[in-house]
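Visitor: Residue 65 in the UniProt record's numbering sits at position 65 of the sequence shown; the count goes up by one each step and never skips. Okay, handing you the structure first.
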Amino acid sequence: MRYYRWILEAQDDDGRWSQQDGAPMPNPLEYDGTPREAANHLRDGFVRTLSRPAPGPRAIRVRVWEGRHSVGEPQAETEWSREQPDQPWAEGQGRGRR
1 MRYYRWILEA
11 QDDDGRWSQQ
21 DGAPMPNPLE
31 YDGTPREAAN
41 HLRDGFVRTL
51 SRPAPGPRAI
61 RVRVWEGRHS
71 VGEPQAETEW
81 SREQPDQPWA
91 EGQGRGRR
């Protein structure tokens, strides 16, 4: 199993971004897959969790680093937006790095 450190950013309806890490999923995350797969796994879980109660965040961004520390540029990054839910990157393809 690999370990991935991650950061979640959420955008509210006023366009402000806030950042959190460590909850509600373990950080670092133990996941058997690539950085991109780990980022998509986290994104999909956060979309399901944060969408209730509706409407939830306007958008979320997940950044993932391989290893136990978030040093340097992330190895993967993915986003989801309530305003563009049918974009390919919102359905598990990911957007951004690897």
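In this text, a Cβ means the ideal position worked out from N, Cα and C, and glycines have one as well.
(1) So who's on the other strand from VAL62, going by DSSP bridges?
(2) Which residue spans inside the region 14-53 form an unbroken alpha helix (DSSP H) run of at least 4?
(3) So, VAL62 versus THR49, is the Cβ gap smaller than 7 angstroms?
(4) To the nearest angstrom, how far is it from the Cα of ALA38 to the Cα of HIS69?
(5) According to DSSP, is ARG68 helix, strand or coil?
(6) Roughly how many whole angstroms lie between the Cα atoms of GLU73 and ARG16?
(7) Where TRP6 and THR34 are concerned, what is the direct C-alpha to C-alpha distance, given to the nearest angstrom?
Guide: Per the coordinate set shown:
(1) LEU8 and THR78
(2) Secondary structure within the region 14-53: the alpha helix (DSSP H) runs of 4 or more consecutive residues, fully enclosed, are 35-50 (chain order).
(3) THR49 sits away from VAL62, with the two beta carbons spaced by 7 angstroms or more.
(4) Linking ALA38 to HIS69 through their CA atoms gives a straight-line distance of about 15 angstroms.
(5) Under the three-state reduction of DSSP, ARG68 is assigned to coil, being neither helix nor strand.
(6) 22 angstroms
(7) THR34 has its alpha-carbon roughly 13 angstroms from the corresponding atom of TRP6.
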